[in-house]
DNA sequence: ATTGCTATTGCTCGCGCGAGCAAAAATTGC
DNA sequence: GCAATTTTTGCTCGCGCGAGCAATAGCAAT
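Have a look at this one:
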């Protein structure tokens with residue numbers, strides 16, 4: 187212990203110290219801090235008082251080492267430009283913490299970095315890894331799984347067909363069909379689909395579902411464009427390029443976006459750079475229902491994911507000792523507002 | 187080890203296994219994974235190969251336990267409605283990871299919860315705690331410090347005068363004076379200051395600086411209102427209430443906001459609920475320069491914090507063994523756009 | 001008081017690694 | 001070639017806790 191310097195650091199008060207203070211054995215002290223342990227109310231109280239006085243808290247590293255359960259989960263995120271990430275993080279961190287899970291946050295820079303990020307997590311012997319990002323394609327997953335280092339690998343808010351992962355997501359297919367039906371029912375006939383990065387097979391699901399469904403049921407082939415990241419600023423640039431100079435006849439009547447991040451970027455540019463009105467000149471739909479979608483500025487028609495339910499399900503999966511197929515799709519809800 | 191079930195989990199490959207495989211001792215294996223250790227290139231290579239084959243990675247829990255350095259820092263955040271938090275998290279997590287620090291993310295629900303959050307962190311024996319939030323008033327800090335559990339307690343992006351904490355922040359006083367001067371120079375005469383929660387002494391700095399400076403130099407006393415959280419939606423409601431029904435004479439000519447989260451919420455309501463134009467009817471300034479401030483929709487005049495520099499300084503502080511006064515104020519930059 | 005049972009407590013051993021020293025090997029100077 | 005280094009390797013011991021068992025205390029029934 188090399189910290190005589192910092193008056194705010196007391197360092198190693200161990201269970202032995204508390205045991206001496208309380209007049210019990212070390213093991214009784216540790217038992218006092220485990221909820222499943224058998225201990226008499228009297229000893230518990232003695233230990234509590236002694237621990238309080240000395241400022242003792244159990245060392246979770248040692249506990250984890252001895253018990254082979256870390257109560258730690260790694261959260262891998264790679265896309266901080268998307269405001270929906272903030273919402274997901276808030277929900278997940280709150281619910282995980284409530285259930286006693288600590289969170290190792292790993293900012294994954296890009297696809298090449300994903301391997302390192304997983305290695306990082308494995309060195310802390312996390313009980314599970316949760317992926318909230320786009321860059322984790324099957325190749326990366328396979329590498330991680332092949333290294334056989336995780337008890338559970340959970341893909342949150344994204345579908346994955348990899349049999350060794352657990353995917354907890356909204357039913358994209360159902361959702362996009364609902365959106366397509368709504369769009370058509372409101373009289374729109376020439377949609378433009380704005381998609382995200384093409385790297386991830388899973389995220390193509392929304393685009394493909396929409397395009398296929400539209401072609402099949404409503405005749406024409408929707409135009410599509412894509413953005414290299416779920417970044418509003420980037421999306422704005424792409425949309426401006428795609429729509430600039432078009433006239434009433436060639437302009438799509440609605441922009442169907444893969445998510446709100448793209449829809450928001452598109453909205454800004456359509457209004458302020460192209461000078462068009464939403465929804466009169468061109469309508470817009472999104473996906474996710476981020477907080478600003480409801481705000482006075484965007485009033486975005488979008489699709490809400492039941493994030494809380496999904497997070498609750500996630501902690502249930504984490505708590506389970508089994509390893510069966512936990513994949514689950516949730517039904518979301520179309521939020522109709524003024525943008526479409 | 188109870189995981190014959192999950193084929194993706196290999197579990198306990200230890201340094202001993204690698205040692206046997208490589209024909210060296212366990213300690214040589216561990217040394218191969220420490221950068222300061224003395225080891226011959228030949229053994230290093232042997233170990234590398236054996237480790238690769240067995241899929242071994244050192245257990246950081248054990249390493250941390252034995253060395254009394256966890257290489258873990260706790261990041262405490264409590265305000266996920268503020269988009270600037272996402273930016274700060276991205277910057278911090280990226281730079282911390284690059285320097286070899288792992289991050290324990292703790293979502294602190296409210297002030298009462300801050301104590302638990304700190305306890306959480308201390309049980310993992312983090313090397314430092316970084317606070318990125320508003321709810322940590324001096325009372326909470328004192329509790330944490332009194333428990334003497336942390337080597338370093340760093341307040342990021344907020345000034346704190348507590349002598350036992352390390353505050354890395356932008357120079358709010360200088361910044362607000364610059365804003366006041368700019369606002370006055372552009373001809374605005376009746377500013378309304380929109381402030382955040384009053385709980386935190388530190389955040390009053392911006393408001394007080396602006397108000398005092400304005401009164402002193404430009405004569406009149408600025409009106410002020412405040413919001414209970416840095417939440418755009420909330421800010422919108424407050425602003426609507428405060429401004430509804432006013433006319434040209436009673437309307438402030440500029441809204442000076444404590445940060446962009448408030449400014450964004452205010453902008454939406456002013457345009458879409460009150461039907462006023464920015465900046466013609468009322469101008470707006472923010473603080474932070476979040477990504478959307480630059481976007482086509484807001485074009486917000488705001489004050490950029492040098493987050494990267496601040497984060498780089500933070501890792502330098504973390505790396506230092508000393509415990510002197512590391513407090514540091516950074517100079518930001520006024521970003522002039524169309525909103526004011 | 002004695003037996004038989006359960007609730008509680010204490011203990012041995014091990015989790016995987018690092019500090020720090022002692023032994024062995026490699027390198028240098030002459 | 002030999003002694004004096006210097007580098008590298010192996011080792012003892014301990015970090016703080018938990019699993020699992022052995023010992024003890026507590027208690028009711030006989």
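Chains as they are written, first to last, in my numbering: chain A, 187 to 526; chain B, 187 to 526.
Cβ atoms here follow ideal geometry from the backbone N, Cα and C, with glycine treated the same way.
Quiz prompt | Residue of 403(A), 326(A), 438(A), 399(A) minimising C-alpha distance to residue 411(A) | solution = Numbered from 1 along the first chain, position 225 holds the residue referred to as residue 411(A). Comparing Cα positions, the closest option is 438(A).
Quiz prompt | Element boundaries [beta strand (DSSP E), containing residue 292(B)] | solution = The count along the second chain starts at 1 and reaches residue 292(B) at position 106. Note, residue 292(B): beta strand (DSSP E), 288 to 293.
Practice problem: May I have a chain-ordered list of the alpha helix (DSSP H) segments no shorter than 4 residues that lie completely inside the stretch 401 to 462 of chain A? | Solution: 418 to 429, 446 to 458
Practice problem: Label residue 403(B) either buried or exposed according to how many other C-beta atoms from any shown protein chain fall within 10 Å of its C-beta, with 16 as the threshold for buried. | Solution: For this step, residue 403(B) is matched to residue 217 along the second chain. That one is exposed.
Self-check item: Nearest to residue 241(B) (by Cα), restricted to the options 517(A), 396(A), 309(A)
Solution: Along the second chain, one-based indexing puts residue 241(B) at 55. Closest option to residue 241(B), Cα to Cα, is 309(A).
Exercise. Report, in whole angstroms, the separation of the C-beta atoms of residue 399(B) and residue 450(B), which I expect to be a contact under 8 Å.
Key: Along the second chain, read from residue 1 onward, the residue named residue 399(B) stands at position 213. Along the second chain, read from residue 1 onward, the residue named residue 450(B) stands at position 264. Going by Cβ atoms, the distance from residue 399(B) to residue 450(B) rounds to 24 Å, so no, they are not a contact pair.
Quiz item: When the Cα of residue 455(A) is compared with those of 215(A), 419(A), 294(A), 375(A), which residue comes out closest?
Solution: On the first chain, position 269 is the one that residue 455(A) refers to. Here the closest residue by C-alpha is 419(A).
Practice problem: Determine the extent of the alpha helix (DSSP H) in which residue 368(B) is found, giving its start and end residues. | Solution: To locate residue 368(B), count along the second chain from 1; it is residue 182. Residue 368(B) -> alpha helix (DSSP H) spans 358 to 371.
Self-check item: Opposing strand residues paired with residue 379(B) [DSSP bridges]
Solution: Counting from 1 along the second chain, the entry for residue 379(B) is found at position 193. According to DSSP, which records beta bridges pairwise, residue 379(B) is partnered with 410(B), 442(B).
Quiz prompt | residue 233(A) versus residue 261(A): straight-line alpha-carbon distance, rounded | solution = Your numbering for residue 233(A) matches position 47 in the first chain. Your numbering for residue 261(A) matches position 75 in the first chain. Roughly 35 Å between the two C-alpha positions.
Quiz prompt | Strand pairing of residue 246(A), partner residues [DSSP] | solution = Within the first chain, residue 246(A) is the residue found at index 60, counting from 1. In DSSP, residue 246(A) forms no bridge with anything.
Exercise. With a threshold of 16 other CB atoms inside 10 Å of the CB of residue 268(B), please say whether the residue is buried or exposed.
Key: Counted from its first residue, the second chain places residue 268(B) at position 82. The residue is buried, with at least 16 neighbouring Cβ atoms inside 10 Å.
Practice problem: Rank 390(A), 374(A), 475(A), 515(A) by C-alpha distance to the C-alpha of residue 466(A) and give the top, closest one. | Solution: Your numbering for residue 466(A) matches position 280 in the first chain. Out of 390(A), 374(A), 475(A), 515(A), 374(A) has the C-alpha closest to the C-alpha of residue 466(A).
Quiz item: From residue 426(B) to residue 382(A), what does the alpha carbon distance come to, in whole angstroms?
Solution: Residue numbering aside, residue 426(B) sits at position 240 when the second chain is read from its first letter. Residue numbering aside, residue 382(A) sits at position 196 when the first chain is read from its first letter. Cα-Cα distance, rounded: 36 Å.
Exercise. Just the C-alpha distance for residue 187(A) and residue 302(A), rounded to the nearest angstrom, thanks.
Key: In the first chain, residue 187(A) corresponds to position 1, counting from 1. In the first chain, residue 302(A) corresponds to position 116, counting from 1. Here the model assigns residue 187(A) a pLDDT of 32, short of 50, so the residue's position is not dependable, and the following value carries that caveat. About 31 Å.
Quiz item: In angstroms, rounded to a whole number, what distance separates the CA positions of residue 295(A) and residue 358(A)?
Solution: Here residue 295(A) is taken as the residue at index 109 of the first chain, counted from 1. Here residue 358(A) is taken as the residue at index 172 of the first chain, counted from 1. Answer to the nearest angstrom: the Cα atoms are 26 Å apart.
Exercise. Report the rounded CA-to-CA distance for residue 525(B) versus residue 480(B), giving the unit in angstroms.
Key: The sequence position of residue 525(B) within the second chain is 339, counting from 1. The sequence position of residue 480(B) within the second chain is 294, counting from 1. Cα to Cα, the separation comes out at about 10 Å.
Quiz item: Is the stretch 461 to 478 of chain B touching the stretch 508 to 517 of chain B, taking contact as three or more C-beta pairs under 8 Å?
Solution: no
Self-check item: Sub-8 Å separation of residue 417(A) and residue 371(A) beta-carbons
Solution: Mapped onto the first chain, residue 417(A) falls at position 231. Mapped onto the first chain, residue 371(A) falls at position 185. Not in contact: residue 417(A) and residue 371(A) (Cβ atoms no closer than 8 Å).
Practice problem: Count the other CB atoms, across all protein chains shown, that sit within 10 Å of the CB of residue 319(B); report buried if there are 16 or more and exposed otherwise. | Solution: Here residue 319(B) refers to the residue found at position 133 when the second chain is read from its first residue. By the neighbour-count rule (16 or more Cβ atoms within 10 Å), residue 319(B) is buried.
Quiz item: For residue 338(A), is the classification buried or exposed, using 16 other Cβ atoms within 10 angstroms of its Cβ as the cut-off for buried?
Solution: On the first chain, residue 338(A) is found 152 positions in, with the first residue counted as 1. Buried, because 16 or more other Cβ atoms sit within 10 Å of the Cβ of residue 338(A).
Quiz prompt | Residues bridged to residue 487(B) [DSSP beta-bridge criterion] | solution = Taking the first residue of the second chain as 1, we reach residue 487(B) at position 301. DSSP lists 471(B) as partners of residue 487(B).
Quiz item: residue 180(A) versus chain B: which residues are under 7 Å apart at the beta carbon?
Solution: Since the first residue of chain A shown is 187 and the last is 526, residue 180(A) is not available in this structure.
Quiz item: Which bits of chain B does residue 455(A) rub up against, with CB to CB less than 7 Å?
Solution: Looking up residue 455(A) in the first chain gives position 269. Those within 7 Å of residue 455(A) in chain B are 482.
Quiz prompt | residue 377(B) burial status per 10 Å Cβ neighbour count (16 or more: buried) | solution = As a working mapping, residue 377(B) is identified with position 191 in the second chain. Looking at its Cβ environment, which holds 16 or more other Cβ atoms inside 10 Å, residue 377(B) is buried.
Quiz prompt | Span separating the alpha-carbon of residue 494(B) from that of residue 253(B) | solution = In the second chain, counting from the first residue as 1, residue 494(B) sits at position 308. In the second chain, counting from the first residue as 1, residue 253(B) sits at position 67. Cα to Cα, residue 494(B) sits roughly 30 Å from residue 253(B).
Quiz item: What residues from the stretch 233 to 248 of chain B come within 8 Å of chain A, judged by C-beta to C-beta, listed N to C?
Solution: 241, 243, 244, 245, 246, 247, 248
Self-check item: Contacts around residue 459(B), its chain only, beta-carbon distance under 6 Å, and the 5 residues preceding and following it disregarded
Solution: Translated into positions along the second chain, residue 459(B) becomes position 273. Result list for residue 459(B): 426, in chain order.
Practice problem: May I ask you to report which of helix, strand or coil DSSP gives residue 308(B)? | Solution: Working through the second chain from its first residue, we reach residue 308(B) at position 122. If DSSP states are grouped into helix, strand and coil, residue 308(B) belongs with the helices.
Exercise. Look up residue 522(A) in the DSSP assignment and say whether it is helix, strand or coil.
Key: Indexing the first chain from 1 puts residue 522(A) at position 336. DSSP places residue 522(A) in coil when its eight states are reduced to three.
Exercise. For residue 353(B), I'd like the list of residues in its chain whose CB is within less than 6 Å of its CB, leaving aside the five on either flank, ordered along the chain.
Key: Numbered from 1 along the second chain, position 167 holds the residue referred to as residue 353(B). Cβ within range, chain order: 341, 345, 346, 513.
Quiz item: Would you report the Cα separation of residue 192(B) and residue 503(A), rounded to the nearest angstrom?
Solution: For the purposes of this step, residue 192(B) is taken as the residue at position 6 of the second chain. For the purposes of this step, residue 503(A) is taken as the residue at position 317 of the first chain. The pLDDT assigned to residue 192(B) is 44, lower than 50, so where the model puts this residue is not dependable, and the model offers no usable value.
Quiz prompt | Span separating the alpha-carbon of residue 528(A) from that of residue 390(A) | solution = Look at the range of chain A in this structure, 187 to 526, and you will see that residue 528(A) is not part of it.
Exercise. Identify each residue in the stretch 268 to 283 of chain B for which the Cβ-Cβ distance to at least one residue of chain A is less than 8 Å, and report them in chain order.
Key: 269, 271, 272, 273, 275, 276, 279, 280, 283
Quiz item: How would you write the range of the alpha helix (DSSP H) that residue 235(B) sits in, first residue to last?
Solution: Taking the second chain and counting its residues from 1, the one referred to as residue 235(B) is at position 49. Per DSSP, residue 235(B) belongs to the alpha helix (DSSP H) from 227 to 240.
Quiz item: Could you give the residue range of the alpha helix (DSSP H) that holds residue 148(B)?
Solution: In the structure as shown, chain B starts at 187 and stops at 526, and residue 148(B) therefore has no counterpart that could be examined.
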